[in-house]
Structures are given as C-alpha cells and as structure tokens.
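Chains as they are written, first to last, in UniProt numbering: chain A, 1 to 352; chain B, 1 to 352. Following: one structure in structure tokens, then a few remarks.
Protein chains: 2
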Amino acid sequence: MLQARNSKRFEENMKLKDLAEHLQLSQTTVSRALNGYPEVAEETRQRIVEAARQFGYRPNAAARRLATGRTGSVAILFPAERNLLVDPHFSDFLAGLAEKFGEADMDLSLKATRKADELETYRRLTTMGRVDGFIVSSPRSHDERLSLLAGLNVPFAVHGRSQDGLTFPFFDIDNEGAFRRATDLLLDLGHERIALLNGIRDLNFARAREEGFRSALAERGISAEPELIFNGPMVEELGYRQTCRLIDRPSRPTALLAASVLLAFGAYRAARDRGLAIGKDISIIAHDDGLPFLKAETLEPPLAATVSSIRNGGYRLAEILLERIAGKPVSELQEIAPVDLVFRSSVGSARK
Amino acid sequence: MLQARNSKRFEENMKLKDLAEHLQLSQTTVSRALNGYPEVAEETRQRIVEAARQFGYRPNAAARRLATGRTGSVAILFPAERNLLVDPHFSDFLAGLAEKFGEADMDLSLKATRKADELETYRRLTTMGRVDGFIVSSPRSHDERLSLLAGLNVPFAVHGRSQDGLTFPFFDIDNEGAFRRATDLLLDLGHERIALLNGIRDLNFARAREEGFRSALAERGISAEPELIFNGPMVEELGYRQTCRLIDRPSRPTALLAASVLLAFGAYRAARDRGLAIGKDISIIAHDDGLPFLKAETLEPPLAATVSSIRNGGYRLAEILLERIAGKPVSELQEIAPVDLVFRSSVGSARK
DNA sequence: GCATCCCTTCAAAGCGCTTTGGATAAAGCA
DNA sequence: TGCTTTATCCAAAGCGCTTTGAAGGGATGC
C-alpha cells in the first residue's frame with residue numbers, strides 16, 4: 001500500500017493557465033476554444049489554436065478526467081489462466097478493437113484477471129471510475145458478467161450474445177443461420193452423416209452454431225448423433241485428433257462442419273494421413289474468421305467456408321461501445337451481421 | 001472536437017469527504033490511513049479501514065491521478081499496419097505483460113498506431129500525462145523510438161536492445177550466445193553447410209542471432225554463405241518455403257538453424273515433403289520461445305532448441321518498468337537472461 | 001432615446017483526492 | 001516542575017482542467 005510521496009512528473013509543460021495568461025484571455029475562453037464550443041469568436045479561436053500549436057500545449061489528461069468525469073479509456077478483461085491471448089481468434093478481434101479505439105484516441109486497457117477476481121475487478125474498475133466502459137468477449141450462454149455489468153450501470157458492449165434474456169449492446173454474427181445454411185448445403189449434396197467440430201460448449205456462439213446445425217438436420221428428419229459432435233478449443237491439434245477419431249469409426253461421416261479454419265486445418269491433415277481425398281471422400285466446410293495467417297482459399301483444396309472477419313467485428317464493436325458511451329440507446333446498438341457462404345472444392349456430393 | 005457537456009458518471013459513490021465525515025475525522029487522516037502512511041494511530045486506522053470496507057469506498061482514480069501525478073497506467077504501441085497482434089510471439093509476450101501489470105493493478109493500454117503517427121503518439125501520451133511509462137517491443141538495431149523516449153524523459157523499458165549505444169532499462173535474452181552455442185553444436189556434429197532461417201533483418205534480435213551464428217562459424221574458419229541465410233517474418237509458411245528452396249539446392253545444407261519453432265515447424269513439413277529424415281538427413285534446431293500451442297518437445301521427432309519463455313520475458317519486463325517508474329536507477333534494470341540449449345533428436349551427426 | 005438581446009468574455013466554483021505545514025495533547029527528560 | 005519530543009490529527013492549499021452564472025458592450029427594436 002505504501003506509496004512514494006512526492007513523485008512529480010517529468011519536466012513541466014505549459015498549462016492552460018499559462019496559455020491563457022500569454023494570450024491575455026481567461027482560461028474559460030481558451031478551454032472553450034480548444035474544445036470546439038460555439039461561444040467563442042472565430043477570430044479569437046484562431047489566435048488561441050495557433051498559440052496552442054506553437055507552444056505545444058496539451059491539456060493534462062488527469063485534470064480533464066477529473067473535471068469531466070470521462071476517463072477516455074475502456075477495458076477488456078480476460079482470464080489469466082486460459083491463455084486466451086494466444087488464441088488467434090481473440091488476438092485478431094483485439095486488433096480490430098485496438099484499431100478503432102486508437103482512431104478515437106481512447107485507451108484500450110488489457111486486464112488479465114484470475115477467474116475468481118473477475119467480477120470483483122469489473123466492480124472495482126467501475127466504482128473507481130477508471131474506465132468509461134467495457135468490452136466483453138466470448139459470452140457464455142448464461143454469463144454472470146452481463147448481469148453484473150447491467151447492474152453496475154456502466155456502458156459495455158458484448159461480442160456475441162447470451163441466452164439469459166438481458167438487453168445490452170452487442171455485435172454478433174448470425175452463427176445459427178450460417179451453420180444452418182452450411183449444413184443445408186451438405187444435405188443438398190446428399191450427405192447424411194455429418195460431423196460437427198465445434199467450440200467450447202459453454203460459449204454462446206458454439207451453442208448457436210450447434211442449434212443451426214441441428215435445426216437443418218431436423219428439417220430433413222435427421223437427428224444429430226451425439227458421437228458426431230465435438231466441443232473444445234479451436235486449435236489445429238484437436239481438429240486433427242477428432243477427425244482421426246471420426247474417420248476411424250466403423251461408419252465414418254462423409255462430411256464435416258468445423259467452427260474454425262484452425263480445426264479444419266487439422267481435419268485436412270487427418271484426412272491426408274488416412275488417405276482420404278478432401279471434397280470427394282470427405283467434404284469439409286468451416287467457419288472462416290478471416291485469420292490473416294491461415295486463409296481458407298489458399299488451402300489445398302480450397303476450403304469452403306462461412307465467412308465473417310472477426311477483426312472487423314472487433315472494429316465494429318468498438319464503434320458500438322463508443323456510441324453507447326456517447327449516450328445512444330441500447331436498442332440501436334444491437335447488430336447481427338450476416339454471414340456469407342462461400343462454396344469451394346473442399347465440399348462435393350456424397351458418394352454412396 | 002465537440003464533446004457532450006454534463007455527462008456525469010453512473011450513480012454517485014461514497015467520497016473521501018463523506019467517509020471522513022461519517023468517521024468524524026479529517027480527510028487527511030482517512031487518506032493517510034488508507035494509503036498506509038505511518039502518522040495514523042493503529043486503532044484509528046483499523047476503524048477507518050473497516051468503515052471503508054463496509055461502505056465499499058474506493059478512491060476516485062482521476063482525482064488521485066491529478067493529485068499524485070501518477071496515472072497508474074502504461075502503454076505499448078504497435079504498428080497498425082503490420083498485424084503484429086496476430087504474431088503469437090507478440091501475443092505471448094503481451095500475456096506476460098498483462099499478467100504482471102494486472103498483479104500490480106496497473107492499466108496496460110494497447111495502442112495501434114500507424115507508422116507515421118507513432119513517434120507523435122509517444123510524445124502526445126507523454127506530455128498529456130496519460131501514462132507513467134512505456135513498454136517498447138521489437139527494437140530495431142537502430143531505433144528512433146528509443147532516442148525519442150530518452151529525450152522525453154519518461155520511463156520506458158525495452159524488450160531487447162539496440163545498437164545505438166543508448167542506455168535504458170531492458171530485458172533481453174542472450175540471443176548471440178544462444179545461436180553461437182547452437183551453431184557450435186552443429187559444427188561439433190560435423191555439419192559445415194548450415195542454413196539460418198532468421199527473423200526480419202532490421203530487428204535487433206535477428207541481428208544478434210546472425211552474429212552468434214557467424215562468429216561460431218568464423219571460429220572454425222568457415223564463412224557464412226549468404227544464400228544460406230534467410231530473413232523474414234517467423235511464420236510456418238515461410239519456414240516451409242525457404243526450407244524447400246534450401247533442400248532443392250544442388251548442395252543442400254545438412255543442418256538448419258531456425259529463429260522460431262514456427263519456422264522449424266514449416267521446415268519439418270518441407271523435409272517430410274522431400275522425403276528427408278529429420279535428425280539424419282537434415283538436422284534442425286530452433287529457438288523456442290515457449291509458445292503454448294506449439295511445443296518443441298512434442299514434435300516428431302522432438303525438436304532440439306535454445307529455450308527461453310517469451311511470456312516470462314514479458315512478465316519480467318513489466319517488473320522492470322514498474323521498478324523504473326518507482327525510481328530505481330537504469331543501471332540496475334538491465335537484464336540479460338541466459339538461454340538453455342536442449343538437445344533433442346532433431347539433430348544428429350552430419351552424414352558425409 | 002431607452003429597453004432588450006445576443007455575442008463574447010470572464011471570475012470563480014467545483015471535480016475528489018494528496019500533501020504541506022501546523023496544532024494539540026501526551027510523553028519523555030532534566 | 002518546566003520544557004522539548006513524539007505521536008496524532010487537522011485545515012487548507014493545491015493538482016489543472018471544465019463549467020456555471022454573470023457581466024460588458026454593441027446591435028436591434030420600438
């Protein structure tokens with residue numbers, strides 16, 4: 001707790017007061033001129049702006065924060081245990097956030113918290129007034145973070161949705177529709193034993209994708225076989241292992257739906273290992289988040305996919321949070337982006 | 001520029017003044033008690049701490065910042081163009097930073113800036129008093145960020161070093177030594193045509209690694225062939241492509257030194273494609289940053305490596321910056337971590 | 001000509017904390 | 001006992017901005 005006293009900052013910069021004195025104007029006028037308020041004569045404003053530029057004057061952030069109550073920063077928390085940062089989906093999403101917040105000159109602060117401290121951290125950051133809002137990523141179908149934040153009455157925006165009937169700003173893609181259509185495509189091509197390699201079960205996007213998958217099957221009177229559905233982290237390794245397992249079954253699936261290109265990449269490796277021709281012996285289709293280092297279209301054969309850039313998602317969600325902070329009503333800040341389905345040669349008709 | 005007036009924050013929280021009044025004490029005493037200063041009677045402190053806990057009092061961050069001059073936040077800038085966040089080396093490093101700064105309750109703020117704005121952003125954040133310090137990553141051998149920051153007189157800590165003879169706090173690993181020893185090992189095993197798959201040329205760590213490589217060769221009277229040295233981003237794809245190129249040369253190298261497990265992973269794929277037995281027909285050794293999803297020891301065959309966790313590096317560098325901010329002299333904040341060399345079966349003796 | 005308005009500008013009051021420079025009372029010392 | 005220390009606590013002065021409430025002066029309206 002003990003803190004060093006008397007730790008004044010670097011060299012002294014020019015202050016508003018100094019600038020005002022130099023210009024023979026009041027601080028009020030200078031402040032207003034610089035912040036774009038209308039009650040300043042245009043000529044005066046010019047003078048002020050010019051002088052500020054010349055002296056390199058910059059308003060002190062802490063003082064401004066205290067006076068306005070706005071912090072100019074938002075936070076995103078993530079579990080320190082799960083190595084989320086290393087998940088390229090998350091990183092790419094972060095990149096989108098950082099880009100937009102950078103443009104808006106807002107600080108995006110990253111917080112690793114242990115699971116046990118997470119809710120308390122939201123509470124603490126809020127009541128200390130350390131942030132203007134939060135980005136929440138990877139919501140679970142039932143997620144206590146959301147009700148907490150709603151209760152704290154602090155702006156937040158969610159990457160995805162939840163199932164607990166709360167109302168909040170979010171950006172999501174049409175996961176259910178995407179997977180329904182992808183499944184439909186496979187069904188149209190005559191596939192009936194279709195496997196699903198999905199994300200971690202609790203996460204809402206995985207639930208939605210499974211729902212889309214199931215409902216497409218159900219419409220044709222097919223019920224999903226539990227053994228053909230896998231839930232887990234979306235990494236190459238698991239795509240490989242699960243696909244091996246599936247291929248080695250007595251009645252192997254003829255098609256495979258993967259929740260990430262990473263999983264599909266593993267599936268490709270497994271198929272090759274087992275000597276199966278992708279697009280012929282086994283069809284593979286995946287959701288493509290647009291990860292820059294693993295492009296669906298450059299795989300061999302090119303991978304059919306439902307596509308939606310997760311990085312753009314981050315960018316858009318940042319905009320949503322900014323608008324929320326600016327006071328726009330929640331009802332106007334709920335966005336569901338459609339997902340394209342791109343047909344490529346990794347899928348073909350079922351060989352009976 | 002125009003900003004909404006009158007945007008007061010969420011519900012009102014208890015303030016220091018309220019707490020002091022309730023306790024019938026002065027703000028001074030309450031503040032001191034809570035911040036661990038000695039001039040408060042222990043009994044009084046107990047009362048204060050208890051009351052604070054009970055009312056859920058939290059000091060307002062902006063007010064504290066203004067009063068102390070400390071912001072409680074540090075920033076790391078990265079180029080928006082290069083998709084650095086998606087580089088797993090960077091992400092893992094970030095994870096280490098986030099962990100330590102989280103423990104210290106410091107905000108770590110991520111800033112994507114365009115190359116052209118980068119220096120100006122450092123300047124702006126500093127003079128506005130928005131940060132207590134900076135983390136600088138991936139220094140180039142000659143890096144203008146370092147001289148700028150030194151001139152701004154703001155604390156910063158560098159992940160790596162540079163060649164321009166500046167003095168600053170840093171954490172680095174012994175890149176040169178690591179690669180010298182790895183090269184020595186290969187030479188001891190009889191290899192003479194050794195290739196180097198390295199990182200981007202401008203980056204200082206790549207320079208150091210090449211230096212280590214060259215000096216080991218030079219000691220045995222061998223001079224490095226330029227065609228056997230590759231510089232570029234450390235991704236699987238390039239490891240694959242470059243290794244293919246090397247193998248297809250008339251006199252192919254018998255050993256390969258890679259600056260990342262990702263590059264080595266690509267090299268493995270290339271060797272397999274070309275029907276070469278790793279550890280026999282071609283020896284491969286890499287630097288292992290400890291990326292959690294790609295473990296050198298689980299590759300087939302296990303990959304020999306110089307190892308040093310980049311995540312721990314991030315953690316340690318965060319400590320260094322914190323100590324710098326707390327006033328510790330630069331000379332005590334320069335750390336070069338040794339690198340272990342782990343022998344595994346991906347290297348074997350040269351077949352003549 | 002006088003009252004009314006608008007356009008500019010200003011002085012001063014916060015924002016909620018930390019910290020300086022005492023003041024008071026109790027304790028130590030001679 | 002009288003005086004210096006020491007241990008506690010306090011009032012008030014910032015920190016550097018934004019914003020409220022007012023005022024001065026020229027233009028307008030009748």
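We put the CB at the ideal spot given by N, CA and C, even for glycine. It should be emphasised that the depicted structure is a prediction, and the values quoted were computed from it without experimental measurement.
Worksheet entry | Residue range of the unbroken beta strand (DSSP E) whose run includes lysine 111 of chain A | By 1-based counting over the first sequence, the position of residue 111 of chain A is 111. DSSP places lysine 111 of chain A in the uninterrupted beta strand (DSSP E) bounded by 107-113.
Fill in: Short Cβ contact (8 angstroms threshold) for glutamate 335 of chain B with arginine 316 of chain B
Taking the first residue of the second sequence as 1, we reach residue 335 of chain B at position 335. Taking the first residue of the second sequence as 1, we reach residue 316 of chain B at position 316. Yes.
Discussion item. I need the straight-line Cα distance from leucine 189 of chain B to lysine 280 of chain B, nearest angstrom please.
Written reply: On the second sequence, position 189 is the one that residue 189 of chain B refers to. On the second sequence, position 280 is the one that residue 280 of chain B refers to. It is roughly 11 angstroms from the alpha-carbon of leucine 189 of chain B to the alpha-carbon of lysine 280 of chain B.
Discussion item. Strictly under 8 angstroms for the Cβ-Cβ distance: is valine 30 of chain B near chain A by that measure?
Written reply: Stepping through the second sequence from its first residue, residue 30 of chain B is reached at position 30. No, no contact with chain A.
Worksheet entry | Segments assigned beta strand (DSSP E), at least 3 residues, entirely inside the segment 227-258 of chain B | Segments of the beta strand (DSSP E) lying fully in the segment 227-258 of chain B: 229-231, 255-258.
Discussion item. Relative to the C-alpha of leucine 110 of chain B, which candidate in B:Leu77, B:Leu97, B:Gln242, B:Leu303 has its C-alpha closest?
Written reply: Stepping through the second sequence from its first residue, residue 110 of chain B is reached at position 110. Checked all of B:Leu77, B:Leu97, B:Gln242, B:Leu303; the closest Cα to leucine 110 of chain B is B:Leu77.
Worksheet item: Taking Cβ-Cβ distances below 7 angstroms as the criterion, which residues of the segment 95-124 of chain B are in contact with chain A?
Response: For the segment 95-124 of chain B, the set of residues with a beta-carbon nearer than 7 angstroms to any beta-carbon of chain A comprises Ala95, Ala98, Glu99, Gly102, Asp107, Leu108, Ser109, Leu110, Lys111, Ala112, Thr113, Arg124, in chain order.
Worksheet item: Taking contact to mean at least 3 C-beta pairs separated by less than 8 angstroms, is the segment 19-37 of chain B in contact with the segment 330-348 of chain A?
Response: Flag = no, the segment 19-37 of chain B and the segment 330-348 of chain A do not touch.
Worksheet item: With distances taken between CB atoms, is the gap from arginine 45 of chain A to glutamate 39 of chain A smaller than 8 angstroms?
Response: Indexing the first sequence from 1 puts residue 45 of chain A at position 45. Indexing the first sequence from 1 puts residue 39 of chain A at position 39. With contacts defined as CB atoms closer than 8 angstroms, arginine 45 of chain A and glutamate 39 of chain A fail to qualify as a contacting pair.
Worksheet item: In its own chain, which residues sit with a C-beta less than 7 angstroms from the C-beta of proline 88 of chain A, not counting the 5 before and 5 after it?
Response: Residue 88 of chain A sits at position 88 when you count from the first residue of the first sequence. Closer than 7 angstroms at the Cβ level, and outside the excluded window around proline 88 of chain A, lie Leu291.
Item to complete: Closer than 6 angstroms by C-beta to threonine 254 of chain A: which residues in its own chain qualify, once you throw out the five before and the five after it? Chain order, please.
Response: The residue labelled residue 254 of chain A in the question sits at position 254 within the first sequence. His191, Arg193, Ala350, listed in sequence order.
Fill in: Simplified DSSP assignment, three categories, for proline 79 of chain A
Along the first sequence, read from residue 1 onward, the residue named residue 79 of chain A stands at position 79. If DSSP states are grouped into helix, strand and coil, proline 79 of chain A belongs with the strands.
Item to complete: Have a look at tyrosine 122 of chain B and leucine 94 of chain A and give me their C-alpha separation to the nearest angstrom.
Response: Residue numbering aside, residue 122 of chain B sits at position 122 when the second sequence is read from its first letter. Residue numbering aside, residue 94 of chain A sits at position 94 when the first sequence is read from its first letter. Distance between the alpha carbons of tyrosine 122 of chain B and leucine 94 of chain A: 21 angstroms.
Discussion item. Cutting at 7 angstroms between CB atoms, please list the residues of its own chain near proline 233 of chain B, excluding the five before and the five after it.
Written reply: Residue numbering aside, residue 233 of chain B sits at position 233 when the second sequence is read from its first letter. Excluding sequence neighbours, proline 233 of chain B sits near Ile200.
Discussion item. If you measure between the beta carbons of leucine 257 of chain A and phenylalanine 293 of chain A, is that distance less than 8 angstroms?
Written reply: To locate residue 257 of chain A, count along the first sequence from 1; it is residue 257. To locate residue 293 of chain A, count along the first sequence from 1; it is residue 293. In this structure, phenylalanine 293 of chain A does not lie closer than 8 angstroms to leucine 257 of chain A by Cβ.
Worksheet entry | Range covered by the beta strand (DSSP E) that runs through glutamate 225 of chain A | As a position in the first sequence, residue 225 of chain A is number 225, starting the count at 1. Counting along the chain, no beta strand (DSSP E) covers glutamate 225 of chain A, and no H or E run does either.
Worksheet entry | Assigned secondary structure, aspartate 92 of chain A (DSSP; H/G/I helix, E/B strand, else coil) | Here residue 92 of chain A is taken as the residue at index 92 of the first sequence, counted from 1. The answer is helix: DSSP assigns aspartate 92 of chain A an H, G or I state.
Worksheet item: Below 8 angstroms between beta carbons: does that hold for alanine 286 of chain A and valine 261 of chain A?
Response: In the first sequence, counting from the first residue as 1, residue 286 of chain A sits at position 286. In the first sequence, counting from the first residue as 1, residue 261 of chain A sits at position 261. Cβ distance < 8 angstroms, so alanine 286 of chain A and valine 261 of chain A count as in contact.
Practice prompt. Look up isoleucine 200 of chain A in the DSSP assignment and say whether it is helix, strand or coil.
Written response: One-based indexing of the first sequence puts residue 200 of chain A at position 200. The DSSP-derived three-state label of isoleucine 200 of chain A is coil.
Item to complete: Note down, in chain order, each residue of its chain lying with its Cβ closer than 7 angstroms to the Cβ of aspartate 141 of chain B, except the 5 sequence neighbours on either side.
Response: What you label residue 141 of chain B is simply residue 141 of the second sequence in a count that begins at 1. The amino acid at residue 141 of chain B is misidentified as aspartate; the sequence shows serine. Residues of the same chain with a CB within less than 7 angstroms of the CB of serine 141 of chain B, apart from the 5 flanking positions on each side, are Ser162, Gln163, Asp202, Asn204, Arg207 in chain order.
Item to complete: Count the other CB atoms, across all protein chains shown, that sit within 10 Å of the CB of lysine 115 of chain A; report buried if there are 16 or more and exposed otherwise.
Response: Mapped onto the first sequence, residue 115 of chain A falls at position 115. So lysine 115 of chain A counts as exposed.
Item to complete: Leaving aside the five residues before and after glutamate 118 of chain B along the sequence, list all residues of the same chain whose C-beta is less than 8 angstroms from its C-beta, in chain order.
Response: Here residue 118 of chain B corresponds to residue number 118 of the second sequence, with the count starting at 1. If you ignore the 5 residues before and after glutamate 118 of chain B, its C-beta comes within less than 8 angstroms of the C-beta of Leu77, Pro79, Arg145, all in its own chain and listed in chain order.
Item to complete: Look at the alpha carbon of valine 74 of chain A and the alpha carbon of arginine 245 of chain A, and state the distance between them as a whole number of angstroms.
Response: The residue you call residue 74 of chain A lines up with position 74 of the first sequence. The residue you call residue 245 of chain A lines up with position 245 of the first sequence. So the two alpha carbons sit approximately 44 angstroms from each other.
Worksheet item: Near glutamate 99 of chain B, what residues of its chain come up, given a Cβ to Cβ distance below 7 angstroms and the 5 sequence neighbours on each side ignored?
Response: Translated into positions along the second sequence, residue 99 of chain B becomes position 99. Here the set comprises Tyr315.
Worksheet item: Does the beta carbon of asparagine 83 of chain A sit closer than 8 angstroms to a beta carbon anywhere in chain B?
Response: For the purposes of this step, residue 83 of chain A is identified with residue 83 of the first sequence, where counting begins at 1. So, interface residue.
Discussion item. Quick check on threonine 127 of chain A - is its C-beta less than 8 angstroms from some C-beta in chain B?
Written reply: On the first sequence, residue 127 of chain A is found 127 positions in, with the first residue counted as 1. Yes, its Cβ sits closer than 8 angstroms to a Cβ of chain B.
Discussion item. Just to confirm before moving on: does the CB-CB distance between leucine 23 of chain B and alanine 51 of chain B stay below 8 angstroms?
Written reply: By one-based count along the second sequence, residue 23 of chain B stands at place 23. By one-based count along the second sequence, residue 51 of chain B stands at place 51. Yes, they are a contact pair.
Discussion item. My output table needs one value for aspartate 340 of chain A: the three-state DSSP class, helix, strand or coil.
Written reply: Sequence index remark: in the first sequence, residue 340 of chain A carries index 340 (1-based). In the three-state DSSP reduction, aspartate 340 of chain A falls in the strand class (E or B).
Fill in: Neighbour list for serine 91 of chain B in chain A, Cβ cutoff strictly below 7 angstroms
Residue numbering aside, residue 91 of chain B sits at position 91 when the second sequence is read from its first letter. Chain A residues near serine 91 of chain B: Leu85, Val86, Ser91.
Worksheet item: Where DSSP assigns a beta bridge to alanine 157 of chain A, which residues make up the other side?
Response: Taking the first residue of the first sequence as position 1, residue 157 of chain A is located at position 157. Looking at the DSSP output, alanine 157 of chain A bridges to A:Ile135.
Practice prompt. Using a threshold of 8 angstroms, state whether the C-beta atoms of valine 330 of chain A and aspartate 174 of chain A are closer than that.
Written response: For the purposes of this step, residue 330 of chain A is identified with residue 330 of the first sequence, where counting begins at 1. For the purposes of this step, residue 174 of chain A is identified with residue 174 of the first sequence, where counting begins at 1. In this structure, aspartate 174 of chain A does not lie closer than 8 angstroms to valine 330 of chain A by Cβ.
Worksheet item: So which residues on chain A does valine 235 of chain B lean against when the C-beta distance must stay under 9 angstroms?
Response: Residue mapping note: residue 235 of chain B aligns to position 235 of the second sequence, counting from 1. Residues of chain A whose Cβ lies closer than 9 angstroms to the Cβ of valine 235 of chain B are, in chain order, Phe293.
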